[in-house]
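Read the structure below first, then the notes.
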Amino acid sequence: MKFKVKSDFDTTLAQKEAIDDVVQNFTLQKNNTLLGVTGSGKTFAMSKIIEEVQKPTLIITHNKTLVAQLYEEFTTFFPDNLVEYYVSHFDYFRPESYLPATDTYTAKDTQINDELDRLKVKTVSSLLSGRKDVIVIASISAIFGAGNPKFFHSKTFNVEVGQTITRDNFLLKLVDGLYSRCMNLSEALRGNFVVKEDNVFIKLSQTKELYRVTFWGNEIEEICLLNDENKVERIQNSLTISPTSIFVTPRGTDDIFDRIESDMKKEVKAFKEKGLKTEANRLEKRTKYDIEMMKEMGWTQGIENYSSYFDQREPGERSSCLLDYFPLDDYMIMLDESHATIPQIKGMHKGATSTKRNLVEYGFRLKSALNNRPLTYEEFDSITDKILYVSATPSDFELEKCGGVFTELLVRPTGILDPIIEIKPTKFCVDDLMDEIVSTIDKGMRIIVTTISKKQAEDLAAYLSKFKIKSKYLHGDIETLDRIELLHDLRAGEIDVIVGINLLREGLDLPEVGLVAIMDADKEGFLRNYTSMAQVIGRAARNVSGRSIMYADKITDSIKKTIKQNKHNRNIQKKYNLEHNIIPKQIKKSLKKVITRKNDIDLDNVIKIKFNLDDKSIEELKDIHIEVKRKMKECSKNMEFMEAALYRDVMFEIENKIK
Numbered sequence: 001m002k003f004k005v006k007s008d009f010d011t012t013l014a015q016k017e018a019i020d021d022v023v024q025n026f027t028l029q030k031n032n033t034l035l036g037v038t039g040s041g042k043t044f045a046m047s048k049i050i051e052e053v054q055k056p057t058l059i060i061t062h063n064k065t066l067v068a069q070l071y072e073e074f075t076t077f078f079p080d081n082l083v084e085y086y087v088s089h090f091d092y093f094r095p096e097s098y099l100p101a102t103d104t105y106t107a108k109d110t111q112i113n114d115e116l117d118r119l120k121v122k123t124v125s126s127l128l129s130g131r132k133d134v135i136v137i138a139s140i141s142a143i144f145g146a147g148n149p150k151f152f153h154s155k156t157f158n159v160e161v162g163q164t165i166t167r168d169n170f171l172l173k174l175v176d177g178l179y180s181r182c183m184n185l186s187e188a189l190r191g192n193f194v195v196k197e198d199n200v201f202i203k204l205s206q207t208k209e210l211y212r213v214t215f216w217g218n219e220i221e222e223i224c225l226l227n228d229e230n231k232v233e234r235i236q237n238s239l240t241i242s243p244t245s246i247f248v249t250p251r252g253t254d255d256i257f258d259r260i261e262s263d264m265k266k267e268v269k270a271f272k273e274k275g276l277k278t279e280a281n282r283l284e285k286r287t288k289y290d291i292e293m294m295k296e297m298g299w300t301q302g303i304e305n306y307s308s309y310f311d312q313r314e315p316g317e318r319s320s321c322l323l324d325y326f327p328l329d330d331y332m333i334m335l336d337e338s339h340a341t342i343p344q345i346k347g348m349h350k351g352a353t354s355t356k357r358n359l360v361e362y363g364f365r366l367k368s369a370l371n372n373r374p375l376t377y378e379e380f381d382s383i384t385d386k387i388l389y390v391s392a393t394p395s396d397f398e399l400e401k402c403g404g405v406f407t408e409l410l411v412r413p414t415g416i417l418d419p420i421i422e423i424k425p426t427k428f429c430v431d432d433l434m435d436e437i438v439s440t441i442d443k444g445m446r447i448i449v450t451t452i453s454k455k456q457a458e459d460l461a462a463y464l465s466k467f468k469i470k471s472k473y474l475h476g477d478i479e480t481l482d483r484i485e486l487l488h489d490l491r492a493g494e495i496d497v498i499v500g501i502n503l504l505r506e507g508l509d510l511p512e513v514g515l516v517a518i519m520d521a522d523k524e525g526f527l528r529n530y531t532s533m534a535q536v537i538g539r540a541a542r543n544v545s546g547r548s549i550m551y552a553d554k555i556t557d558s559i560k561k562t563i564k565q566n567k568h569n570r571n572i573q574k575k576y577n578l579e580h581n582i583i584p585k586q587i588k589k590s591l592k593k594v595i596t597r598k599n600d601i602d603l604d605n606v607i608k609i610k611f612n613l614d615d616k617s618i619e620e621l622k623d624i625h626i627e628v629k630r631k632m633k634e635c636s637k638n639m640e641f642m643e644a645a646l647y648r649d650v651m652f653e654i655e656n657k658i659k
């Protein structure tokens with residue numbers, strides 16, 4: 001099936017020109033950049049590019065919240081195609097680590113979210129199904145180990161009505177795909193099967209749908225999809241059954257264990273020759289235990305550290321990842337918010353190997369553990385065919401990769417121009433800001449102010465409050481839930497001014513904000529570079545009267561670049577509006593209910609519990625832990641990741657008290 005976009009609105013001329021330019025550039029080079037300003041319809045343009053290119057597409061962005069937003073949008077744009085969701089399948093994850101300075105070893109501690117795990121299996125099943133109309137929305141987990149696609153494909157099998165196969169051989173195939181047998185249908189979960197006479201009931205790993213396969217002797221007589229009441233909903237001719245996990249291993253592993261033991265002996269000997277008896281004994285004991293567990297149970301804690309043996313990889317060779325499930329040299333990657341996504345991709349390998357190296361050097365793991373790692377950026381780049389970098393502020397890296405060639409999408413469908421930028425001196429800046437705030441409030445608009453430090457943000461918010469201006473500060477010490485509530489209150493008018501640092505950037509849709517003020521704009525650095533300032537100014541780009549003030553006594557290179565790009569954008573936007581008789585229209589966006597302490601009683605109770613844990617007995621804490629864990633998993637399943645993170649923090653605090 002071909003990709004086909006379905007939408008209630010048409011492509012604007014500006015969007016069509018950008019789409020055509022990107023598609024044309026892909027015929028000339030591998031890397032392309034789409035520079036799209038806030039509110040220009042970048043996501044819609046991305047969907048139309050997919051429709052034009054007609055290749056399986058992987059879209060990666062740098063956090064789970066944005067993944068969920070993109071998944072919702074692309075599912076809407078492509079209702080007849082396969083849009084899949086791929087993020088880390090852990091509700092929480094504490095990596096195995098060792099700190100030599102304090103001689104502290106921390107065992108790996110994880111909680112797998114079954115729904116996210118199912119979505120990962122569904123994703124790779126779709127990619128290996130043979131269909132080309134697959135879009136995967138993923139987090140940075142796309143570059144982490146994902147099991148060998150050859151092994152996953154080898155454990156996927158198809159059955160048809162009339163096929164000759166014994167029931168026992170069919171059951172062996174299920175077990176080989178890590179399905180487990182249970183006795184009653186009422187107890188069957190994803191990845192379970194139940195046998196009743198000539199019927200085998202299977203709850204598929206990728207969809208959780210319940211199927212009944214009926215045998216007549218050594219022949220499959222009937223295949224049925226059952227409904228929630230276990231009644232026949234549909235009779236079909238065939239069924240594809242995927243393994244229950246993306247991590248499956250090939251048959252015949254005895255020689256693999258021999259290799260593990262051989263490497264262990266070499267490394268133990270090397271430790272002893274250096275006089276490191278503790279490390280030698282530690283490594284030998286750990287490895288022998290793991291081998292015994294893998295032989296008896298097929299699994300052990302930290303089995304991923306032995307993945308290179310099962311995958312038959314050489315030392316240093318990268319592990320398989322999501323990218324390996326796409327057709328070789330016949331797919332496209334889009335890096336959304338590339339200015340933030342690329343640094344994450346680059347940083348993951350260094351962080352992961354640093355932790356592993358300590359474990360290896362002190363005898364907690366074999367050297368093979370270093371092979372269980374995310375891709376380096378060079379590896380990521382080498383196994384891709386086409387890459388589109390998408391950002392309002394692409395960095396020099398993206399532009400260099402594209403040879404300086406990039407596509408601009410600067411015109412908004414609403415006709416709104418980029419905010420006007422004014423430069424004002426820092427002397428008496430607070431008094432001037434006060435006047436600007438009062439004037440903006442009188443016009444019914446809100447204000448964002450960015451400072452250079454937490455203390456400055458807190459002091460300025462307090463100062464404004466003295467003059468009866470409804471203001472709050474927002475920085476990293478503010479809990480996740482409070483941030484959501486503050487931004488909601490800003491839009492609702494319960495707050496007129498939010499003073500922050502660097503948290504008011506991409507991903508925030510605030511059409512009520514008419515003024516962005518940047519304090520100490522001339523203090524060049526991370527918080528005052530071009531990308532940071534352009535992103536925060538963009539928060540006023542959804543308001544028809546949007547303005548920005550930079551308080552600075554000198555024009556830095558970043559200020560100069562920001563102003564230059566702003567003038568460039570505004571000139572193009574004005575010209576386009578004039579040529580097409582477009583009058584800018586204010587965006588009106590409904591205020592959706594958000595989960596806050598005001599309107600979510602359960603969450604409010606959890607937070608109160610968090611601050612009264614000292615008054616609880618061990619038994620009470622255990623009961624609370626069960627409830628908090630349940631709520632965390634529920635939020636994660638519903639893709640409410642910020643709320644899930646709050647529950648997770650409460651859970652960790654309870655666990656520390658129970659120990």
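According to our numbering, the sequence shown is numbered sequentially starting from 1.
Note that the Cβ used here is the ideal one computed from N, Cα and C, for glycine as well.
Predicted model, so just to flag it, every value in this text is computed and none were measured.
Look at L375 here: in three-state DSSP terms it is coil, with no helix or strand label.
Between the beta-carbon of L225 and that of V136 there is about 25 Å, and that puts the pair past the 8 Å contact cut. In the structure shown, Q54 falls within a coil segment according to DSSP collapsed to helix, strand and coil.
Beta-carbon to beta-carbon, L410 and V37 are separated by about 5 Å, close enough to satisfy the 8 Å threshold. By the C-beta criterion, the segment 86-105 is judged not to be in contact with the segment 169-189, since fewer than 3 inter-stretch pairs fall below 8 Å. Judged by beta-carbon spacing, I220 lies within the 8 Å limit of V159, meaning their Cβ atoms are closer than that value.
Counting of Cβ neighbours within 10 angstroms places M1 among the exposed residues, the total staying below 16.
In this structure, F193 sits away from K173, with a CB-CB distance that is not shorter than 8 Å. Secondary structure at S245: coil, using DSSP grouped into helix, strand and coil. At the C-beta level, T300 and D290 come within 8 Å of one another.
The criterion of a C-beta distance shorter than 8 Å is satisfied by S548 and V516. If you look at R212, you'll find it in the beta strand (DSSP E) that goes L210 to W216. Its Cα nearest to that of H62, the residue A142 stands out among I50, A142 and W216. Taken atom to atom, the span from the alpha-carbon of S126 to that of V134 is near 7 Å.
The beta-carbon separation of Q206 and V268, rounded to 42 Å, does not stay under the 8 Å limit for a contact. Inter-segment contact for the segment 259-276 and the segment 338-346 is absent: fewer than three beta-carbon pairs are separated by less than 8 Å. In the DSSP assignment, the residues bridged to A138 are I60 and Y86.
Bounds of the alpha helix (DSSP H) holding S154 are P149 to S154. When DSSP states are grouped into helix, strand and coil, V124 belongs to the helix group.
Looking at the DSSP output, L409 sits in a beta bridge with G36. Beta-bridge partners of M183 (DSSP): none assigned. For N566, the closest C-alpha among the options E485, P419, R528 and A461 is that of P419. At a Cβ-Cβ threshold of 8 Å, L66 and D509 do not count as neighbours.
Leaving aside the five residues that flank E222 on each side, the residues in its chain whose CB is nearer than 8 Å to its CB run, in chain order, V161, R212, V213, T214 and I235.
Contact check for K588 and G415: beta-carbon distance about 14 Å, past the 8 Å limit, so the pair fails to qualify. Three or more Cβ pairs drawn from the segment 323-341 and the segment 380-389 lie within less than 8 Å of each other, which places the two stretches in contact. As a beta-bridge residue in DSSP terms, A517 pairs with V449 and I549.
Judged by their CB atoms, T249 and F310 are nearer to each other than the 8 Å cut-off. Its chain contains no residue whose beta carbon lies nearer than 7 Å to that of G130 once the 5 sequence neighbours on both sides are disregarded.
Under DSSP, the beta-bridge partners assigned to I220 are F215. In the three-state DSSP reduction, I498 falls in the strand class (E or B).
For E96, there is no enclosing alpha helix (DSSP H), as DSSP marks it with neither H nor E. In this structure, T531 keeps its C-beta atom at 8 Å or more from the C-beta atom of T407. Cβ neighbours of A280 within its own chain (closer than 6 Å, five residues either side excluded): V268, F271 and K272. The Cβ atoms of S471 and I448 do not sit closer than 8 Å to each other.
When secondary structure is reduced to three states using DSSP, N113 falls in the coil class, being assigned neither helix nor strand.
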